[in-house]
Structure formats: C-alpha cells, structure tokens
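Residues 0 to 292, numbered by numbering that gives the first Met the number 0, are exactly what the sequence shown covers, in order.
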Amino acid sequence: MILVTGATGTVGRPLVSALRDRGVPVRALVRNPRNLPAEWDAGVEPVTADLSDPASLAPALAGVDAVYLLTPVHPDAEQQQRHVIDAAVQAARPRVVLHAAVGLGRPDVTPVRFFAAHAAGLDQLNATGLDWTALAPNGFWQNYRGMAESLRAGTLALPAGDAAVSYVDARDVAETAAAVLTGDGNDKAVLEVTGPEALTHDQIAARIGAALGHDVTYRALTPDQAREGMLAAGMPAWQVDGLVELHGMYAAGEAATVADTVPRLLGRPARSLEDFLRDHAAAFRAAPGDDRR
Ligand SMILES: NC(=O)c1ccc[n+]([C@@H]2O[C@H](COP(=O)([O-])OP(=O)(O)OC[C@H]3O[C@@H](n4cnc5c(N)ncnc54)[C@H](OP(=O)(O)O)[C@@H]3O)[C@@H](O)[C@H]2O)c1
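Right, dumping it as structure tokens:
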C-alpha cells in the first residue's frame, strides 16, 4: 500500500491515478472527503487526515509500505512534514519518497523559503534511518495557468531576469514519482526532475504567443516592481517574498540544468512547453477571470 499526501493537488492527483493505473494499492490522504476527484474509483482508498494534526496521521500510515510525502507551500510545511515522518517511524517504517524542489542538496543555490522544509525533511529522514528517495522538480508549467489572463493580454511579466529555466510539466513529476515508488533502487538519491530543455522567458513568451496566435512579450520586472504588484493584488507577504526569492533564483541561472530523470525512468522524452499548451488550450483561451480550467 502506498500513501500519497497532497493527493488532491497538482502533482498528487495525477500521481494517485498513475499508481492506480499501475495496479498498485493506493491510499490518498485528503482533508475533506466530500471533495474527492471524480476519477477516483474503487482502486483508490481515501483516508481523511490533516498534516497539521499529528493524531490524524496514525490511521493514514497504518499498513503502508511507502509514502509519497508532499507538503503544500505553506509557512507550516516543515512542521507538517515532521508530523508525517514521526508517524512513519511509529508505523511500520515505510520507505519515504520526499517531494522536494530544485536546489535540494545544492549549497550553491539561493535559498527559497518555499523549499526550506524539504531540506529539513531530508535531515530528519537521515536521522531516522528510514529508506528515502527525494524528487527535486523544477518549476511547473502548470503555474502558467494562473497567468492566463495576462498572457491573453500579450504580457508575461516576472522578476525572472534573462536566464533560462528548465520548467517541467507536473504530470511528468507525478509519473516519475509513480515509477520511483513502484521500482527498485534510487535509495538515498536526490533525483532532479526537469523538462526537456531550458528556455529563457523571452523564448517562453514567444512560444506561448505562437500557441495563442498573437504576440506575447516578456517584461522583466525588478524584484521591487513584482513585490509591489503582488502586495497590491492582496497576496500575503510571506508568499510574495517567497515568489521574489524563487524568481531571483531563476534569474541567477540556478534552475537551468536539464536532467535525464524523466526519459531514464519513463522511457520517453519529458513533455515540452508545446505539449503543455496543447493539453491546456482551454485554460489559455478561456474568458478572462476563468483561469482554472
Ligand atoms: N509549483 C511549483 O512550481 C513547484 C516546483 C517544485 C516543487 N514544488 C513543491 O511542490 C509542493 C506543492 O505541490 P503541488 O503544487 O502539487 O501542491 P498543490 O497543488 O498546491 O496542492 C496542495 C495539496 O496539499 C493538500 N494540503 C494542504 N494543506 C493540507 C493539510 N493541512 N493537510 C493535508 N493536506 C493538505 C491540499 O489538499 P486540499 O485539497 O485539502 O487543499 C492539496 O492536495 C510544494 O512542496 C512545493 O515546494 C512546487
């Protein structure tokens, strides 16, 4: 039995499906059992728990052989992750596949608060002696769905400088995770998960424009311009500062490595930006204000 946390999210949802499709018993940790994804069937066992409530985690971990440990981008993520690892130690000491992010284990990379929990989780896993593997994906193309309205208006505005980024499709992260969870090897390995190429944001804007059928121009914001805009839009300060740090890391060229993990483990190329845009065409062509499709 494999437990997936963050099971209703961008990576967790396709991961649950990928495990079910492989015929593996999968338990999906959810906060609200009334909101189960429509595609889950008898092959998926939902369990209700909250990562912030340690007492709720023991039933979720019972009888589990492996855990995909994904915590949300949240100020309490480190504590939530600690609760799961503690529960794993109290249970049958399952293998833990830690969902982390680009930069894990690389001291040369600019610290990003969103990812601080992952490094702490790795330290805790090493201290417990549990078997572990970590996935370190780059930024997801799926983040661009939240910028659909601005892209439709012809602008990609980010504080990301001129360096290239090897963004990855979150579906490839999920399928790679399924391969790691169901396969042997990769013990104590940090696997970088990236797309097939690194693109500058000028190149990204041009390719999105080609897919949308009109010009899209990249505008490199300064960190202060970006911060001001996000705060004015009502975003919490912690999240604003994290996004500025993240794009600073991109601008420093620290997220440009192209890894072979997806082709190596899945036997096919990683999805391209064009693949992502084709499969999410409805979201990018939707009426303004309806970016979630
Ligand atoms: N976005 C990126 O570009 C990127 C790149 C690399 C790494 N990452 C890492 O990926 C992770 C986020 O993955 P994601 O984008 O798939 O997440 P997501 O789409 O934001 O989904 C978050 C998931 O966590 C669940 N959740 C939130 N709070 C919870 C709680 N207290 N107890 C139980 N479940 C809770 C949510 O459940 P509900 O349905 O109940 O809300 C949802 O299933 C973070 O660790 C981030 O650092 C992100």
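Ideal Cβ positions, reconstructed from N, Cα and C, are used throughout, including at glycine. Since the structure is predicted, the reported quantities are computational estimates derived from the model, not experimental observations.
TODO: Excluding the 5 residues preceding and the 5 following S16 in the sequence, name in chain order all residues of the same chain whose CB lies nearer than 7 Å to its CB.
DONE: E38
- [ ] Would you tell me roughly how many angstroms separate the C-alpha atoms of A115 and E77, rounded to the nearest one?
- [x] 8 Å
Task: Closest residue to L124 among A258, A152, L97 (Cα-Cα distance) - done: L97
TODO: Could you name each continuous beta strand (DSSP E) segment of 3 residues or more that falls completely within the segment 121-152, going from the start of the chain to the end?
DONE: 131-136
- [ ] With a threshold of 16 other CB atoms inside 10 Å of the CB of Q79, please say whether the residue is buried or exposed.
- [x] buried
Open item on the list: Given this structure, state the Cα-to-Cα distance separating R292 from T9, to the nearest angstrom.
Closed with: Because the pLDDT at R292 is just 44, under 50, the model does not fix this residue reliably, and the point stays unresolved.
- [ ] Measure the C-alpha to C-alpha separation of R12 and P110 and round it to an integer number of angstroms.
- [x] 28 Å
Task: Euclidean distance between Cα positions of V261 and T175 - done: 6 Å
- [ ] Would you kindly check if the distance between the Cβ of A162 and the Cβ of A132 is under 8 Å?
- [x] It should be noted that the sequence gives Thr, not Ala, for residue 132. It is not a contact, given that the beta carbons lie outside the stated cut-off.
- [ ] Return the chain-ordered list of same chain residues with a C-beta closer than 6 Å to the C-beta of A194, the five sequence neighbours on each side being excluded.
- [x] Here residue 194 turns out to be Gly, not Ala, going by the sequence shown. If we look at G194 and ignore the five residues flanking it on each side, its Cβ neighbours are S165, Y166, V167, A269.
Open item on the list: So, does the segment 201-220 touch the segment 145-164, judging by three or more C-beta pairs under 8 Å?
Closed with: yes
Task: Own chain residues within Cβ distance below 7 Å of D290, not counting five before or after - done: Per-residue confidence for D290 stands at a pLDDT of 47, beneath the threshold of 50, marking its modelled position as unreliable; no derived number is given.
- [ ] Within the same chain, show all residues whose beta-carbon is closer than 8 Å to that of D274, passing over the 5 residues directly before and after it, in chain order.
- [x] D168
Task: Coarse secondary structure for Y166, derived from DSSP in three states - done: coil
- [ ] For the beta strand (DSSP E) holding E44, just list the boundary residues, first then last.
- [x] 43-47
Task: Local conformation of V257 per DSSP, three classes - done: coil
Open item on the list: Checking 8 Å against the spacing of the C-beta atoms, do T154 and T216 come in under that value?
Closed with: yes
Task: Residues near A48 in its chain [Cβ-Cβ closer than 6 Å; skip 5 each side] - done: L28, S55, L56, A59
Open item on the list: Let's see if you can read the secondary structure: which residues bound the beta strand (DSSP E) around A329?
Closed with: The requested residue 329 does not occur in the structure, where the chain is confined to residues 0 to 292.
- [ ] Report all residues from its chain with a CB closer than 8 Å to the CB of A178; omit the five preceding and five following residues, and keep chain order.
- [x] L264, L265
- [ ] Kindly examine ligand 1 and report whether one of its heavy atoms sits closer than 7 Å to the Cβ of F275.
- [x] no
Open item on the list: Using only CA atoms, which one of G233, A100, R151, D240 lies nearest to N137?
Closed with: A100
- [ ] Please state whether DSSP places E191 in a helix, a strand or coil.
- [x] strand
Task: The beta strand (DSSP E) enclosing A86, as first and last residue numbers - done: From DSSP, A86 is part of no beta strand (DSSP E) but of the alpha helix (DSSP H) over 76-89.
Task: Spatially closest choice to R94 from A210, D107, R112, G128, by CA coordinates - done: G128
Task: A254 to G102 span [Cα, whole Å] - done: 8 Å
TODO: Measure the alpha-carbon distance for G233 versus R226 and round it to whole angstroms.
DONE: 11 Å
TODO: Just confirm the distance between the C-beta atoms of V41 and A61, as a whole number of angstroms; I'd bet it's less than 8 Å.
DONE: Correcting the residue identity first, residue 41 is Ala in this sequence and not Val. Between A61 and A41 the Cβ distance is about 20 Å, and since that is not below 8 Å, they are no contact.
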